[in-house]
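Enquirer: The structure that follows is given in the form of structure tokens.
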Amino acid sequence: MRTQVGIVGAGPAGLMLAHLLRREGIDSVVLERRSRDYIEGRIRAGVIEQWVADLLVETGLGARLQREGLVHRGINISFAGSLHHLDFTDLIGKHITVYGQQEVVKDLVAARLGGGGEILFEVEDVGIDDFAGGAPRIRFRSKVGEAIEIDCDFIAGCDGSHGVCRPSIPRGALTSFEREYPFGWLGILAESPPPCEELIYAYHERGFGLYSMRSPTLSRLYLQCAADEDLNEWPDERVWHELHARLGGSSKLAEGKVLLKGVTPMRSVVVEPMQYGKLFLAGDSAHIVPPTGAKGMNLAIADVRVLARALAEFYRFGRGDLLESYSHTCLRRVWKAQRFSWWMTTLLHQPVDANAFDRRRQLAELDYLAGSRHAQRALAENYTGLPFD
Ligand code: FAD
Ligand code: PHB
């Protein structure tokens, strides 16, 4: 087989890259180790920055998003027993859309398959060769066990944080910057109507809590927990009890059937550079953010927007400079998103060894945020998505 761009991974990064390239007339092949049902059912991110929603609409993927996505003017922050609304539209004229990552994935899969494109699902033993400068190749075993090789001009490593592309780069060529947080999020999806129209980020002495949603009848709720929390110790009654304690003061949380429960540890990771020869890393394969700033999926789409443009310029005009500056261009945005996600995380979570000074300092910062339009604008600008250069 032969293609222009071989894409490993059919998450938001890989699928969006394939979609953008197709619009530029650039051929690609997408390989995914999971099944279509699995990737379309995986519940993950929920908040879409304004420019991402605009990009989906502009590139013909917006019909369901515009029908089913929930446009939010801002978010709520709860602390010391009161709720504060930050109205992004009023502050900076922007908004966010709540629309599940799995819905974005479904829309992208439908567009690719409907448009005659292919996604090779359930591939195994994926490996990449000769991407340092020569003629890159992807090898894998197809769903029916056939050994296949694809010759490509470029490889896009969009295979998430546990993929094969990043570890295939020679040791020493990448530098990894990392921070582990001593806590995680216990998340549930529940059949419970929203107690509040917009998200609530709650600072509470028992630990952080987040109220989000997927539809007018489905809530997505999170609790700060230990990084290695044992789910067996969290029967539904305990989860609801804790949610009422952390979020209940500011809203009337209705209990409902719990459809999903899981624990996510939290870390920050960036690898530099995001390119090695003809291999380009995009999305979670190059960086991970803690979910508090709702940045992961948005950053993945930002990377492939840069990459698709650079590839389009290369194929149209033979320009290589945008490909050469890919990593530098992306990393400027990545580090700002890392900073914001770290800031939201440390502002809202209880440090494991919290002392009275730390709590007072956090409360003072929250009080400042609640009272300062300048501080609110800075949060709004980062949360809704920073402008591109
Ligand atoms: P992925 O979505 O991980 O996709 C990578 C794909 O590659 C996967 O389908 C995987 O199966 C495939 N793959 C892996 N290895 C191979 C291989 N060897 N061969 C072939 N295929 C392979 N982000 C936000 O923006 N907003 C939020 O509100 C938000 N909330 C989150 C909440 C939770 C609980 C979690 C866990 C994450 C959240 N995120 C959020 C982060 C977001 O989900 C990720 O950043 C996003 O999925 C990154 O997309 P990606 O395409 O880079 O990687
Ligand atoms: C979600 O809806 O899943 C969600 C919302 C906001 C976050 C993280 C996750 O910061």
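Under my numbering, read the sequence shown as residues 5 to 393, first letter to last.
From the three backbone atoms N, C-alpha and C, an ideal C-beta is built for every residue, glycine too.
Which of the three DSSP states, helix, strand or coil, is assigned to R145?
Expert: The residue you call residue 145 lines up with position 141 of the sequence shown. Correct three-state label for R145: strand.
Enquirer: Indicate the three-state DSSP secondary structure (helix, strand or coil) for A314 in the structure shown.
Expert: Reading the sequence shown from its first residue, position 310 is the one you call residue 314. In the structure shown, A314 sits in a helix (DSSP, three-state: H, G or I).
Enquirer: Who does C229 pair with in a DSSP beta bridge?
Expert: The residue labelled residue 229 in the question sits at position 225 within the sequence shown. Paired residue(s): G188.
Enquirer: Can you have a look at F344 and say buried or exposed, based on whether 16 or more other CB atoms are within 10 angstroms of its CB?
Expert: Your numbering for residue 344 matches position 340 in the sequence shown. Buried, because 16 or more other Cβ atoms sit within 10 Å of the Cβ of F344.
Enquirer: Quick check for students: name the residue ranges of the alpha helix (DSSP H) that lie wholly in the segment 61-101, counting only runs of 4 or more.
Expert: If we require 4 residues or more, the alpha helix (DSSP H) runs fully inside the segment 61-101 come out as 67-72, 92-96.
Enquirer: Near the ligand PHB, which residues have their beta-carbon closer than 5 Å to a heavy atom?
Expert: Qualifying residues, in the order they occur: G50, V51, S216, R224, P295, A298.
Enquirer: Could you work out which residue in V109, F361, D133, I43 is closest to I52 when comparing CA atoms only?
Expert: Locating residue 52 in the sequence shown gives position 48, counting from the first residue. Minimum Cα distance to I52 is reached at V109.
Enquirer: As a quick exercise: from G161, Y226, E126, pick the residue whose alpha carbon is nearest that of E150.
Expert: Looking up residue 150 in the sequence shown gives position 146. Considering only alpha carbons, the answer is E126.
Enquirer: Decide if Y280 is buried, meaning its Cβ has at least 16 other Cβ atoms within 10 Å, or exposed.
Expert: Taking the first residue of the sequence shown as 1, we reach residue 280 at position 276. Buried, by the Cβ-count rule.
Enquirer: Based on the DSSP output, what are the partners of Y205 in its beta bridges?
Expert: In the sequence shown, the residue the question calls residue 205 occupies position 201. Looking at the DSSP assignment, Y205 forms a beta bridge with I81, L214.
Enquirer: Are there 16 or more other CB atoms within 10 angstroms of the CB of M270, so buried, or fewer, so exposed?
Expert: As a first step, residue 270 must be located in the sequence shown, where it is residue number 266. M270 is buried by the Cβ-count criterion.
Enquirer: DSSP three-state label for A194, please.
Expert: In the sequence shown, the residue the question calls residue 194 occupies position 190. Strand at A194.
Enquirer: Shortest alpha-carbon distance to Y205 belongs to which of S82, C334, D41?
Expert: Walking along the sequence shown from the start, residue 205 turns up at place 201. The option with the nearest alpha carbon to Y205 is S82.
Enquirer: How many angstroms separate the CA atom of M217 from the CA atom of A194?
Expert: Here residue 217 refers to the residue found at position 213 of the sequence shown. Here residue 194 refers to the residue found at position 190 of the sequence shown. Approximately 9 Å between the Cα atoms of the pair.
Enquirer: Across which residues does DSSP place S272 in a beta bridge pair?
Expert: Counting from 1 along the sequence shown, the entry for residue 272 is found at position 268. Answer by DSSP bridge pairing, in chain order: R183.
Enquirer: Can you name the residues that DSSP bridges to A160?
Expert: Translated into the one-based positions of the sequence shown, residue 160 becomes position 156. Answer by DSSP bridge pairing, in chain order: I11, F284.
Enquirer: Just to confirm, is the Cβ distance from A286 to L21 under 8 Å?
Expert: Within the sequence shown, the letter at position 282 stands for residue 286. Within the sequence shown, the letter at position 17 stands for residue 21. Cβ distance < 8 Å, so A286 and L21 count as in contact.
Enquirer: Looking at I204 and the ligand FAD, is the gap between the Cβ and the nearest heavy atom below 7 Å?
Expert: One-based indexing of the sequence shown puts residue 204 at position 200. I204 Cβ: outside cutoff for every heavy atom of the ligand FAD.
Enquirer: Can you tell me where the alpha helix (DSSP H) holding L251 begins and where it ends?
Expert: Along the sequence shown, read from residue 1 onward, the residue named residue 251 stands at position 247. It spans 240-251 - the alpha helix (DSSP H) in which L251 sits, taken as one unbroken run.
Enquirer: For T349 and D155, what's the separation of their Cα atoms in angstroms?
Expert: Mapped onto the sequence shown, residue 349 falls at position 345. Mapped onto the sequence shown, residue 155 falls at position 151. The straight-line gap from Cα to Cα measures roughly 43 Å.
Enquirer: By DSSP, does R323 sit in helix, in strand, or in coil?
Expert: Here residue 323 refers to the residue found at position 319 of the sequence shown. Here R323 sits in coil by DSSP.
Enquirer: For the alpha helix (DSSP H) containing G45, list its first residue and its last residue.
Expert: Reading the sequence shown from its first residue, position 41 is the one you call residue 45. Counting along the chain, the alpha helix (DSSP H) containing G45 begins and ends at 40-45.
Enquirer: Any C-beta of chain E sitting closer than 8 Å to the C-beta of R224?
Expert: Of the chains in the structure shown, none is chain E; there is only one protein chain.
Enquirer: Count the other CB atoms, across all protein chains shown, that sit within 10 Å of the CB of L117; report buried if there are 16 or more and exposed otherwise.
Expert: Here the question's residue 117 lines up with position 113 in the sequence shown. Exposed, by the Cβ-count rule.
Enquirer: Thinking C-beta only, is E276 closer than 8 Å to S367?
Expert: Counting from one through the sequence shown, the residue named residue 367 turns up at place 363. Counting from one through the sequence shown, the residue named residue 276 turns up at place 272. This sequence places Leu at residue 367; Ser is not what is there. No. Outside cutoff.
Enquirer: Using a threshold of 8 Å, state whether the C-beta atoms of F187 and V33 are closer than that.
Expert: Numbered from its first residue, the sequence shown carries residue 187 at position 183. Numbered from its first residue, the sequence shown carries residue 33 at position 29. No, these two residues do not count as a Cβ contact at 8 Å.
Enquirer: For a test of the three-state rule: what should DSSP assign to E122, helix, strand or coil?
Expert: Your numbering for residue 122 matches position 118 in the sequence shown. Correct three-state label for E122: coil.
Enquirer: Let me know if S86 comes out buried or exposed under the rule of 16 or more other beta-carbons within 10 Å of its beta-carbon.
Expert: Position 82 of the sequence shown, counting from 1, holds the residue named residue 86. That one is exposed.
Enquirer: Compare the C-alpha of A360 against each of L190, H291, E209 and name the closest.
Expert: Translated into the one-based positions of the sequence shown, residue 360 becomes position 356. Here the closest residue by C-alpha is E209.
Enquirer: Shorter than 7 Å, the distance from the beta carbon of T268 to the closest heavy atom of the ligand FAD, or not?
Expert: Here residue 268 corresponds to residue number 264 of the sequence shown, with the count starting at 1. Yes, Cβ of T268 sits closer than 7 Å to a heavy atom of the ligand FAD.
Enquirer: Which residue's Cα is closest to the Cα of G97: G104, T388, D393?
Expert: Within the sequence shown, numbered from 1, the residue matching residue 97 stands at position 93. Minimum Cα distance to G97 is reached at T388.
Enquirer: The ligand GTP heavy atoms versus the CB of I43: any closer than 7 Å?
Expert: Of the ligands one can find in the structure shown, namely the ligand FAD and the ligand PHB, none is the ligand GTP.
Enquirer: May I have the straight-line CA-CA distance separating L69 from G176, to the nearest angstrom?
Expert: By 1-based counting over the sequence shown, the position of residue 69 is 65. By 1-based counting over the sequence shown, the position of residue 176 is 172. The straight-line gap from Cα to Cα measures roughly 42 Å.
Enquirer: Evaluate contact between the segment 313-326 and the segment 165-185, counting only Cβ atoms and requiring at least three cross-stretch pairs below 8 Å.
Expert: No, because fewer than three Cβ pairs between the segment 313-326 and the segment 165-185 fall closer than 8 Å, the two stretches do not touch.
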